[in-house]
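Shown next, in structure tokens, is the structure this report addresses.
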Amino acid sequence: MNKTMLEQLLKEHCSIKPEIFAKAREIHKEQGGGIGRVLVRLGAITEAQLIESLAAGLKLSIYQGEDIKDDEIFPLLEEKLDINFLFNHQIFPIKADRERGILYAVTDDPFQHSIFDYVMDKTGWKIAPVLAPDGTVKELIRGYRGDTGRDFVSLDGEQDTAKLKEMAFEAPVVQFLNHLLGRAVELRASDIHIESSEHRYRVRLRIDGILHEKDVLEEQFYLAAVSRVKLLAGLDIAEKRLPQDGKFSTRIASHLLDIRVSTIPTVSGEGVVLRLLYREKLSFDLENLGMEADHRRMITEVIKRPHGMLLVTGPTGSGKTTTLYSMLTRLNSEERKIITTEDPVEYQLQGINQIQVKSEIGLTFAGALRSILRHDPDVIMVGEIRDKETAEISIQSALTGHFVLSTLHTNDAASSLFRLTEMGIEGYLINAAVTGLIAQRIARRNCPFCSRPDEPPEYLLEQYAIHNIRKRFADLIPDGPAYMKGEGCPQCAGTGYRGRTAIFELFDYTDDLREVFLKTMSLEALRQAVLARPGFRHLREDGMIKVMKGLTTIEEVLRVC
Numbered sequence: 087m088n089k090t091m092l093e094q095l096l097k098e099h100c101s102i103k104p105e106i107f108a109k110a111r112e113i114h115k116e117q118g119g120g121i122g123r124v125l126v127r128l129g130a131i132t133e134a135q136l137i138e139s140l141a142a143g144l145k146l147s148i149y150q151g152e153d154i155k156d157d158e159i160f161p162l163l164e165e166k167l168d169i170n171f172l173f174n175h176q177i178f179p180i181k182a183d184r185e186r187g188i189l190y191a192v193t194d195d196p197f198q199h200s201i202f203d204y205v206m207d208k209t210g211w212k213i214a215p216v217l218a219p220d221g222t223v224k225e226l227i228r229g230y231r232g233d234t235g236r237d238f239v240s241l242d243g244e245q246d247t248a249k250l251k252e253m254a255f256e257a258p259v260v261q262f263l264n265h266l267l268g269r270a271v272e273l274r275a276s277d278i279h280i281e282s283s284e285h286r287y288r289v290r291l292r293i294d295g296i297l298h299e300k301d302v303l304e305e306q307f308y309l310a311a312v313s314r315v316k317l318l319a320g321l322d323i324a325e326k327r328l329p330q331d332g333k334f335s336t337r338i339a340s341h342l343l344d345i346r347v348s349t350i351p352t353v354s355g356e357g358v359v360l361r362l363l364y365r366e367k368l369s370f371d372l373e374n375l376g377m378e379a380d381h382r383r384m385i386t387e388v389i390k391r392p393h394g395m396l397l398v399t400g401p402t403g404s405g406k407t408t409t410l411y412s413m414l415t416r417l418n419s420e421e422r423k424i425i426t427t428e429d430p431v432e433y434q435l436q437g438i439n440q441i442q443v444k445s446e447i448g449l450t451f452a453g454a455l456r457s458i459l460r461h462d463p464d465v466i467m468v469g470e471i472r473d474k475e476t477a478e479i480s481i482q483s484a485l486t487g488h489f490v491l492s493t494l495h496t497n498d499a500a501s502s503l504f505r506l507t508e509m510g511i512e513g514y515l516i517n518a519a520v521t522g523l524i525a526q527r528i529a530r531r532n533c534p535f536c537s538r539p540d541e542p543p544e545y546l547l548e549q550y551a552i553h554n555i556r557k558r559f560a561d562l563i564p565d566g567p568a569y570m571k572g573e574g575c576p577q578c579a580g581t582g583y584r585g586r587t588a589i590f591e592l593f594d595y596t597d598d599l600r601e602v603f604l605k606t607m608s609l610e611a612l613r614q615a616v617l618a619r620p621g622f623r624h625l626r627e628d629g630m631i632k633v634m635k636g637l638t639t640i641e642e643v644l645r646v647c
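This note's numbering puts the first residue of the sequence shown at 87, with every later residue one more than the last.
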């Protein structure tokens, strides 16, 4: 069940005004936590109403204060489960149905499926959640602790590094991280965020470019999980004052992963991000990017040229590296020598020489470029032009018989030229070197499992000139518009989106545009000249073509463009 489905459930069982839901969504977005818990804090519903609504919608029972049978449950706690793990994740077994192989467990969160899977793996019993108000599980565990004389791990004040290291190797922490990685792979996440704020510790996954909260941790478990990640990545677990970067590799199911780890110190604790890179063979191909046929033809012509510079621009995470890799794959042959300099090298490309920038030892983009030029390359890829020195060497390389591909951070394609002038590059050199420019964004695709026809309101079609776009680019939509929208299903985690597609704005930098650029040095004048070109379309127009093809939605295009 996702946030939207939970809202529908609460609407059916509770009288909540739309403006209250809107406020709850805003708080949820800023502070995290479940929508239901936010509504309780706002006083819109009671704890009992939340539990009753969840129980009715999910067909679960509610804990009525039944006695726990010590002879059934305590052996499980002694032999197979860790009490600290149960405390941290607010789950506690109360009854075992041996005939059916079901373990009934009290929880205030029936959606923490990875935790239920962990308990099932440890006990061999299927978990049946029993709903209870917030705080009930803590009371049950405190009662168990009193009966057995057990205590919880305390890590108040200055943390004991040896104890953290010991906890990092304990089964619950190891299992939790394994389950987290498995869940991330299952959901096609690109990043895992382990974060701390005042008295709150959470795990979020970035799926199709959007962060989703998946777990809330107690402090002890958060500290142990962070330590576990740092140990795997070869980082110093005692160092919490400085940022650290590391990496490790692992296998999750059939997937081989390279995982880049980055930590930062915050006022409330360390933040950790794990970037997941899949090592299996990937297909980098222009056809798979979402590039329309006319754009593919133009790019293919540009990259065939023996020398010049092609710039790809867009914000971080907009797919620039994937686009560059796809063009390099198209260019790769026995007749060409291709060398790249990247920070970092995200994927290894067969037959291409790739250099990892290491600024800490003096290997910068500019330094790597100088060395590359002594190795007789035909094609050079510079991961990013960050400074004047790198820009100058890249321009000179393009002017001396090499084809150069690189990236910049600007809002549209035309702005790339002016970013180079801001770095101190003369206009005539830019005109002589640059041959093509691309801007791009990434939008989420409609889920193929739950998408249904969905005609947008006429006012939206008029507001964003979609009818006009359809007429201008009718050849790209030969069968007419087929508007679709995902309803939300288990395959897309209820979001209505699964996978992503790129949106492009590109043009061949020809003599007429060079003249406008050099004579006016005006971004607006250059934009108008580009817009006047037959067949050109800006980012939002390209996005709307994908809307008409049923690939994504108007809302998603507006979000990224």
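Just so you know, even glycine gets a beta-carbon here, dropped at the ideal spot from N, CA and C.
Following the DSSP letters along the chain, one finds Arg286 inside the beta strand (DSSP E) bounded by residues 286-293. DSSP places Asp301 in the uninterrupted beta strand (DSSP E) bounded by 296-303.
Ile481 is a Cβ neighbour of Leu515, given a cutoff of 8 angstroms.
Apart from the 5 residues on each side of it in sequence, Ser502 sits with its Cβ closer than 6 angstroms to the Cβ of Leu397, Thr399, Leu494, Thr496, Leu523 in its chain, given in chain order. His285 and Gly187 have their C-alpha atoms spaced approximately 37 angstroms apart. In the three-state DSSP reduction, Ala310 falls in the helix class (H, G or I).
Inclusion of Gly513 and Met395 in the CB contact set at 8 angstroms is not warranted, their separation being larger than that value. If you draw a 10 Å sphere on the C-beta of Val259, you find 16 or more other C-beta atoms in it, and that means buried. Taken in chain order, the complete alpha helix (DSSP H) segments of 4 or more residues contained in the segment 107-188 are 121-128, 133-144, 156-165, 169-175. Counting only unbroken stretches of 4 or more residues, the alpha helix (DSSP H) elements lying wholly within the segment 443-480 are 451-459, in sequence order. Rounded to the nearest angstrom, the gap between the Cα atoms of Asn374 and Thr408 is 10 angstroms.
In the pairwise beta carbon analysis, the segment 168-185 is classified as not touching the segment 122-129: fewer than three pairs are separated by under 8 angstroms. The criterion of a C-beta distance shorter than 8 angstroms is satisfied by Asp628 and Glu591. Secondary structure at Ala324: coil, using DSSP grouped into helix, strand and coil. Per the DSSP secondary-structure output, Ile511 pairs with nothing in a beta bridge. Taking a cut-off of 8 angstroms for Cβ pairs, the segment 212-227 and the segment 188-203 touch, as three or more such pairs fall below it.
Fewer than three pairs of CB atoms, one per stretch, sit closer than 8 angstroms, so the segment 548-560 makes no contact with the segment 419-435. A Cβ-Cβ contact shorter than 8 angstroms links Phe334 with Ala319. The beta carbon of Gly143 sits closer than 6 angstroms to those of Leu95, all from its chain and outside the five residues before and after it, given in chain order.
Taking a C-beta distance under 8 angstroms as the contact criterion, Ile511 and Ile563 do not qualify as a contact pair. Glu105 counts as exposed, since fewer than 16 other beta carbons sit within 10 angstroms of its beta carbon.
One thing to note: Ala529 has its Cβ within 8 angstroms of the Cβ of Glu642. Excluding the 5 residues flanking it on each side, Arg456 has same chain C-beta neighbours closer than 8 angstroms at Ile479, in chain order. A direct Cα-to-Cα measurement between Ala525 and Glu281 gives close to 32 angstroms. Phe370 carries a coil assignment under DSSP once its states are collapsed to helix, strand and coil. About 15 angstroms separates the beta carbon of Val205 from that of Leu226, a gap too long to meet the 8 angstroms contact definition. It is roughly 30 angstroms from the alpha-carbon of Lys316 to the alpha-carbon of Asp194. Burial check for Gln261: the Cβ neighbour count within 10 Å reaches 16 or more, so the residue is buried.
Cβ contact annotation for Ser139 (same chain, cutoff 7 angstroms, sequence separation greater than five): Leu95, Leu96, His99, Cys100, in chain order. Contact between Leu360 and Asp277 holds, since their C-beta atoms are separated by about 7 angstroms, short of 8 angstroms. Taking the Cα of Gln549 as reference, the smallest distance to any Cα among Leu263, Val302, Arg626 is reached at Arg626. From the listed residues His461, Ala275, Ile177, the smallest Cα separation to Lys423 is found for His461. In the DSSP secondary-structure assignment, Pro542 is not bridged to any residue.
Residue environment analysis places Asn532 among the buried positions, since at least 16 neighbouring C-beta atoms fall within 10 angstroms of its C-beta. A residue is called buried once 16 or more other Cβ atoms fall within 10 Å of its Cβ, and Gly405 is buried on that count.
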